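Asks: What follows is a single structure, and I will ask about it in a moment.
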DNA sequence: GTAAAAAGCGAATATTATTCGGAATTGGTC
DNA sequence: GACCAATTCCGAATAATATTCGCTTTTTAC
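Chains as they are written, first to last, in the working numbering: chain R, 85 to 307; chain A, 85 to 307.
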């Protein structure tokens, strides 16, 4: 069964994969764009190490090799700087998934790929993952709509895929997709959180297979 | 099968239910103990409303009706004040569970009760729940051993109950208890987080039944 | 009733995010 | 290659706020 571009889940994914409009205006000079990238990378390291609240702008500046006040030429505040970090990379994740998902025939395989890619992405970018999963994702403080949307997209994509899978008869129809999505997202993020905080499971990649298998077994329609 | 007091899960639960030694020395005067309680309640409200990082000690003082500098007669820092909040109530939760769990015959019923009580406790104390689940639980910043232990106890209790249930043949033996525990804790906390952040599900109590049923069905040994 | 201890407070102090004014650098144009 | 305008950069204020200090008031114990 070929996908229609109008499938809700594909539409939602497509929107989520768009890199959002950057908060400020895009700087004109080449040097500046590079600096902005370096600054974001430096901030990611410092924030991941010290936590956003305790991290000092002086340390970020030192890590980036620029003056403290120069940071404010690129980002209006410490918060805005911190929030920019997850937005960009989440959009990358969604875009990468969008590229790889097309050849897979079943919603089951697609959902499995999405969960696996999410874990791999965190494992490959632990600093970023610390910020996203330990500080930003659950934070009350996020009024910033862009961050909120990036994070919410994750849930929307999963719910839409679950709906489509149910419609196709691949997933149990008796489970509320929101309930299933809560179990899927909660389990995956909790696994990531324990990995980030305690280093367990030691081999995250090896633990992901059984976890995803168990979760998919739960939502799969009985044969 | 009567419980032995040496069952590991009971031992762990018993320890978790002990109110930890309070960080500072217990104040001698009656008035002071009362003030300390009021201060903690006021801080819970303010921190839940504004987030720990953004909350001002001046607001906490106003809410408690005392001078800012007096706060420091009770707690050494804003952080210590914030961290005291989850410790006490988690110990209460564990103690309440310990009281109610004895009459239940099966580990299945006991685990179900534990999960349900956890959700109810959060619903009945939303300010506290905001602090615990949105700010403190996932936080990197917690070096404070006492907070860490309170939170870790939650996982230890679940893993121990899963082990005991497997030993008794109530739960599937082919699932790693850590994997099962991750799914249980992740699903429950994720449900609480979405409730706290988005108010969904609207009726948390009504959503808890199906959620717990689904989770228990996943780990129950096949008949 | 009195002295010692505890609790309470307003006024400094210290830390740190943010702003400001101007100097240095860059990219385009002649 | 020289100039101009825009941009980038920085050191020195400024502002917000957690924490400390010295002193006063209240409570407890005898």
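Even for Gly, the Cβ is constructed at its ideal location relative to N, Cα and C.
Being a predicted model, the structure only gives us computed values, none of them experimental.
If you follow the alpha helix (DSSP H) that residue 153 of chain A is part of, which residue opens it and which one closes it?
Replies: By 1-based counting over the second chain, the position of residue 153 of chain A is 69. Segment 152-155, the alpha helix (DSSP H) holding residue 153 of chain A.
Asks: Tell me the start and end of each unbroken beta strand (DSSP E) in the region 208-242 of chain R that is at least 3 residues and wholly inside, in chain order.
Replies: Those beta strand (DSSP E) runs which fall completely within the region 208-242 of chain R and span 3+ residues do not exist here.
Asks: Which two residues bound the contiguous alpha helix (DSSP H) that contains residue 138 of chain A?
Replies: In the second chain, residue 138 of chain A corresponds to position 54, counting from 1. Counting along the chain, residue 138 of chain A falls outside any alpha helix (DSSP H), and DSSP gives it neither H nor E.
Asks: Identify which residue in A/299, A/202, A/169, A/161 has its Cα closest to the Cα of residue 179 of chain A.
Replies: Within the second chain, residue 179 of chain A is the residue found at index 95, counting from 1. Minimum Cα distance to residue 179 of chain A is reached at A/202.
Asks: For the alpha helix (DSSP H) holding residue 263 of chain R, just list the boundary residues, first then last.
Replies: For the purposes of this step, residue 263 of chain R is taken as the residue at position 179 of the first chain. Taken as a continuous stretch (DSSP letters only), the alpha helix (DSSP H) holding residue 263 of chain R covers 261-282.
Asks: Look at the alpha carbon of residue 295 of chain R and the alpha carbon of residue 271 of chain A, and state the distance between them as a whole number of angstroms.
Replies: By 1-based counting over the first chain, the position of residue 295 of chain R is 211. By 1-based counting over the second chain, the position of residue 271 of chain A is 187. Roughly 13 Å separates the two Cα atoms.
Asks: Count the other CB atoms, across all protein chains shown, that sit within 10 Å of the CB of residue 220 of chain A; report buried if there are 16 or more and exposed otherwise.
Replies: The residue given as residue 220 of chain A occupies position 136 in the second chain. Result: buried.
Asks: Can you name the start and end residues of the alpha helix (DSSP H) that residue 254 of chain R belongs to?
Replies: In the first chain, the residue the question calls residue 254 of chain R occupies position 170. Where residue 254 of chain R is concerned, there is no enclosing alpha helix (DSSP H), given that its DSSP letter is neither H nor E.
Asks: Find out if the Cβ-Cβ distance for the pair residue 151 of chain A, residue 204 of chain A is shorter than 9 Å.
Replies: For the purposes of this step, residue 151 of chain A is taken as the residue at position 67 of the second chain. For the purposes of this step, residue 204 of chain A is taken as the residue at position 120 of the second chain. No.
Asks: Would a check of beta-carbon distances place residue 275 of chain R closer than 9 Å to chain A?
Replies: Position 191 of the first chain, counting from 1, holds the residue named residue 275 of chain R. Yes, residue 275 of chain R lies at the interface with chain A (some Cβ there is under 9 Å from its Cβ).
Asks: Under 8 Å, with one C-beta from each stretch per pair, do the region 121-139 of chain A and the region 159-176 of chain A reach the 3-pair mark?
Replies: A contact exists between the region 121-139 of chain A and the region 159-176 of chain A.
Asks: Whole angstroms are fine: how far does the CA of residue 125 of chain A sit from the CA of residue 93 of chain A?
Replies: In the second chain, the residue the question calls residue 93 of chain A occupies position 9. In the second chain, the residue the question calls residue 125 of chain A occupies position 41. So the two alpha carbons sit approximately 32 Å from each other.
Asks: At a CB-CB cut-off below 8 Å, which residues of chain A make contact with residue 223 of chain R?
Replies: The residue given as residue 223 of chain R occupies position 139 in the first chain. Within chain A, the residues near residue 223 of chain R are 135, 218, 219.
Asks: Would you report the Cα separation of residue 177 of chain A and residue 101 of chain A, rounded to the nearest angstrom?
Replies: For the purposes of this step, residue 177 of chain A is taken as the residue at position 93 of the second chain. For the purposes of this step, residue 101 of chain A is taken as the residue at position 17 of the second chain. The straight-line gap from Cα to Cα measures roughly 8 Å.
Asks: Run through the DSSP bridge pairs and tell me what residue 304 of chain A is partnered with.
Replies: For the purposes of this step, residue 304 of chain A is identified with residue 220 of the second chain, where counting begins at 1. Answer by DSSP bridge pairing, in chain order: A/255.
Asks: With distance defined between alpha-carbon atoms, name the residue in A/298, A/209, A/248, A/145 nearest to residue 173 of chain A.
Replies: Start at 1 with the first residue of the second chain, and residue 173 of chain A comes out as number 89. Nearest C-alpha to residue 173 of chain A: A/209.
Asks: Excluding the five sequence neighbours on either side, which residues of its own chain have a C-beta within less than 6 Å of the C-beta of residue 267 of chain A, listed in chain order?
Replies: Stepping through the second chain from its first residue, residue 267 of chain A is reached at position 183. Result list for residue 267 of chain A: empty, nothing under 6 Å.
Asks: Can you check whether the C-beta of residue 141 of chain R is within less than 9 Å of a C-beta belonging to chain A?
Replies: As a first step, residue 141 of chain R must be located in the first chain, where it is residue number 57. No, its Cβ sits nowhere closer than 9 Å to a Cβ of chain A.
Asks: What are the start and end residues of the alpha helix (DSSP H) that includes residue 98 of chain A?
Replies: Taking the first residue of the second chain as 1, we reach residue 98 of chain A at position 14. Where residue 98 of chain A is concerned, the enclosing alpha helix (DSSP H) stretches over 92-101.
Asks: Give me, in chain order, the residues of the same chain whose beta-carbon lies closer than 7 Å to that of residue 277 of chain R; leave out the 5 immediate sequence neighbours on both sides.
Replies: Translated into positions along the first chain, residue 277 of chain R becomes position 193. Here the set comprises 217, 218.
Asks: If we ignore side chains and look at the alpha-carbon of each, how far apart do residue 213 of chain A and residue 282 of chain A end up?
Replies: On the second chain, residue 213 of chain A is found 129 positions in, with the first residue counted as 1. On the second chain, residue 282 of chain A is found 198 positions in, with the first residue counted as 1. Approximately 14 Å, taken between the alpha carbons.
Asks: Rounded to the nearest angstrom, what separates residue 186 of chain A and residue 197 of chain A at their Cα positions?
Replies: Taking the second chain and counting its residues from 1, the one referred to as residue 186 of chain A is at position 102. Taking the second chain and counting its residues from 1, the one referred to as residue 197 of chain A is at position 113. Distance between the alpha carbons of residue 186 of chain A and residue 197 of chain A: 11 Å.
Asks: Whose CA, out of A/231, A/121, A/103, lies closest to the CA of residue 149 of chain A?
Replies: As a first step, residue 149 of chain A is located in the second chain; it is residue number 65 there, counting from the start. Ranking A/231, A/121, A/103 by Cα distance to residue 149 of chain A puts A/121 first.
Asks: In chain order, what residues of the same chain have a beta carbon less than 8 Å from the beta carbon of residue 175 of chain A, not counting five sequence neighbours either side?
Replies: If you number the second chain from 1, residue 175 of chain A lands on position 91. Cβ neighbours of residue 175 of chain A beyond the five flanking positions: 100, 101, 102, 103, 104, 234.
Asks: For a quick check, are the C-beta atoms of residue 262 of chain A and residue 273 of chain R less than 9 Å apart?
Replies: For the purposes of this step, residue 262 of chain A is taken as the residue at position 178 of the second chain. For the purposes of this step, residue 273 of chain R is taken as the residue at position 189 of the first chain. No, Cβ-Cβ distance for residue 262 of chain A and residue 273 of chain R is not below 9 Å.
Asks: Leaving out five residues before and five after residue 215 of chain R in sequence, what residues of the same chain have Cβ atoms less than 6 Å from its Cβ?
Replies: For the purposes of this step, residue 215 of chain R is taken as the residue at position 131 of the first chain. So the list reads 131, 132, 169, once near-sequence residues are dropped.
Asks: With a threshold of 9 Å between beta carbons, is residue 295 of chain A in contact with chain R?
Replies: Taking the first residue of the second chain as position 1, residue 295 of chain A is located at position 211. Yes, its Cβ sits closer than 9 Å to a Cβ of chain R.
Asks: What does residue 283 of chain A reach in chain R if we use C-beta pairs closer than 7 Å?
Replies: As a working mapping, residue 283 of chain A is identified with position 199 in the second chain. Under the 7 Å cutoff, chain R gives no residues; its nearest Cβ is about 13 Å from residue 283 of chain A.
Asks: Mapping the DSSP letters down to three states, classify residue 294 of chain A as helix, strand or coil.
Replies: Counting from one through the second chain, the residue named residue 294 of chain A turns up at place 210. Residue state, collapsed to three classes: helix.
Asks: Residues of chain A with CB under 8 Å from residue 62 of chain R, in chain order?
Replies: Absent from the model: residue 62 of chain R. The displayed extent of chain R is 85 to 307, so no value can be given.
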